[in-house]
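Comments concern the structure below.
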DNA sequence: ATTCTTCTTGAACATTGTTCATTTTCAAGC
DNA sequence: GCTTGAAAATGAACAATGTTCAAGAAGAAT
């Protein structure tokens, strides 16, 4: 017996179009920033009417939020790929991987963190949850390094440390904040993690 | 001999209006966020036409940027008010004051950090410089604490540390990132600075 | 083939940034 | 104080862009 639902021709087209719209929107955001994203441009590039975009995503925020959702998913996947062999190495790896990902997809990450909803509608919970889950990825290695510490405190520490790294990277990558030469940023982040771990009483890698 | 330029009635009105427009724009951003700022609302509240707003600020970005400029000026003033008696205390003070200011004016700071220009016009240099100068305020106390360190390294450390604090605070204050209870944030920032200073080999306050 | 449902379309509308010809206001010269 | 010229204010018109919806097209169901 086959559980796979028969996909109608209609659904096929719908799905294909949906993916296409998202791909186009993501491309525009990545290339020229969220502010350059226009419904008509997306519709035209996707070969459909603006109405179809609305039909599929409800409103334009819907498109943006879906792209953002996929961004945080891709980020999480990348971060989960960091080896968990040695906990200290893992922490370095998480920071370095975040930097790498941010540098590759700066405009997509800015869209994720900077997009504000119309009026006062709340940002979708599932995206927030995913961001928080990503920022909690430092939890397991920290638990291994600080076996005697309170679990709640480690959870807080994990988010704090990741938020700190996020701040360093997101400001460091603003070309406009000419401050930091990009190749120096990696070293800078490493140094930062290093110092902070030392402050936690954790010995560096030998 | 009086160097003060006689101010004509015309200039008086112009200046008064300019201040009024800025006050109104700032109020709207602070209360409802940058995305809720509309030319017509500002013009109506200021009792003038939209044309006058354009006449005074060139374009709408001009209004936003002027508000942002004043925000970073106010921030800098507050940060400069932190006592410089003890360098460690000063570092705590800078972090705590930044948190305080951010909590009081969250939407204004988000406008400062998140506003993107139309097209690819560059963000005004003077504002960027002022932000960087603010983030360099940790430099003097760090120099006192690490007298043997390279000055360039301290400059980098200052920006890094302040960026880290910025990351913790800006994410921590997003109501949407329910993560951190606000009153806990202060403690969290303090803890963070504490740990990092320890990592730098700096003893905490007795 | 017919009917029914659903999706698609794109013109019309709504909102909001921007321009500019006209009018108003003010200061300077007489 | 009247005239004149420059500067500013006005707001209607325009442009760009998000949103809606009645009509039509396309596919599914019978």
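Residue numbers (our numbering), protein chains in the order written: chain H, 19 to 224; chain Y, 19 to 224. Even for Gly, the Cβ is constructed at its ideal location relative to N, Cα and C.
The C-beta of residue 125 (chain H) has 16 or more other C-beta atoms within 10 Å across all chains shown, which makes the residue buried. The beta carbon of residue 84 (chain H) sits no closer than 7 Å to any beta carbon of chain Y. Neighbourhood of residue 221 (chain Y) in chain H, by CB distance below 8 Å: empty, with the nearest CB roughly 12 Å away. Annotation for residue 42 (chain Y): 60, 63 and 64 place their beta carbon closer than 7 Å to its own, counting only its chain and skipping 5 residues before and after. Under the 10 Å beta carbon count, residue 170 (chain H) is surrounded by fewer than 16 other beta carbons and is classified as exposed. Straight across, the Cα-Cα distance linking residue 36 (chain H) with residue 222 (chain H) is about 48 Å.
One Cα belongs to residue 220 (chain Y), the other to residue 179 (chain Y), and the distance between them is close to 14 Å. Sequence-distant partners of residue 119 (chain Y) (beyond 5 residues in either direction) whose C-beta falls short of 6 Å from its own C-beta, in its chain, are 93 and 96. Under a criterion of Cβ atoms nearer than 9 Å, the residues of chain H adjacent to residue 53 (chain Y) are, in order, 134, 135, 136 and 137. Along the region 173-187 of chain Y, the positions whose C-beta sits under 9 Å from a C-beta of chain H are 174, 175, 177, 178, 179, 180, 181, 182, 183, 184, 185, 186 and 187, read in chain order.
In chain Y, no part has a C-beta under 9 Å from the C-beta of residue 115 (chain H); the shortest such distance is about 17 Å. Excluding residues up to 5 positions away in sequence, 115 lie with their Cβ nearer than 8 Å to the Cβ of residue 99 (chain Y) in the same chain.
Out of Y:103, Y:157 and Y:145, the CA that lies nearest to the CA of residue 90 (chain Y) is found in Y:145. Assignment of residue 116 (chain H) by DSSP, reduced to helix, strand and coil, places it in the helix class. Within 10 angstroms of the beta-carbon of residue 206 (chain Y) lie 16 or more other beta-carbons, which makes it buried. Non-local beta-carbon contacts of residue 87 (chain Y) in its own chain, meaning distances under 8 Å to residues more than five positions away in sequence, involve 142, 144, 145 and 148 in chain order. Here residue 105 (chain H) is actually not in contact with residue 177 (chain H); their C-beta atoms are around 17 Å apart, not less than 8 Å.
Among the CB atoms of chain H, one or more fall inside 7 Å of the CB of residue 217 (chain Y). Bounds of any alpha helix (DSSP H) do not take in residue 67 (chain Y), whose DSSP letter is neither H nor E. One Cα belongs to residue 218 (chain Y), the other to residue 217 (chain H), and the distance between them is close to 7 Å. Contact between residue 210 (chain H) and residue 181 (chain H) does not hold, since the beta-carbon distance rounds to 12 Å and is not under 8 Å.
With distances taken between CA atoms, residue 131 (chain H) lies nearest to H:187 out of H:200, H:187 and H:158.
Every alpha helix (DSSP H) of 4 residues or more that sits fully in the region 134-211 of chain H is shown, in chain order, as 143-153, 157-163 and 169-190.
Beyond the five residues adjoining it in sequence on each side, residue 185 (chain H) comes within less than 6 Å, by CB distance, of no other residue in the same chain. Under the Cβ criterion of 7 Å, residue 120 (chain H) is not counted among the residues facing chain Y. The contact set of residue 78 (chain Y) on chain H, defined by CB atoms closer than 7 Å, is empty, because the minimum CB distance reaches about 13 Å. Taking the Cα positions, residue 71 (chain H) is about 29 Å away from residue 150 (chain H). Counting of Cβ neighbours within 10 angstroms places residue 128 (chain H) among the buried residues, the total reaching 16 or more. Annotated three-state conformation of residue 79 (chain Y) is helix, per DSSP. For the pair residue 54 (chain H) and residue 48 (chain H), the Cα-to-Cα distance works out to about 10 Å. With its beta carbon at least 7 Å from every one in chain H, residue 94 (chain Y) lies outside the interface. DSSP places residue 221 (chain Y) in the coil class of the three-state scheme, outside both helix and strand.
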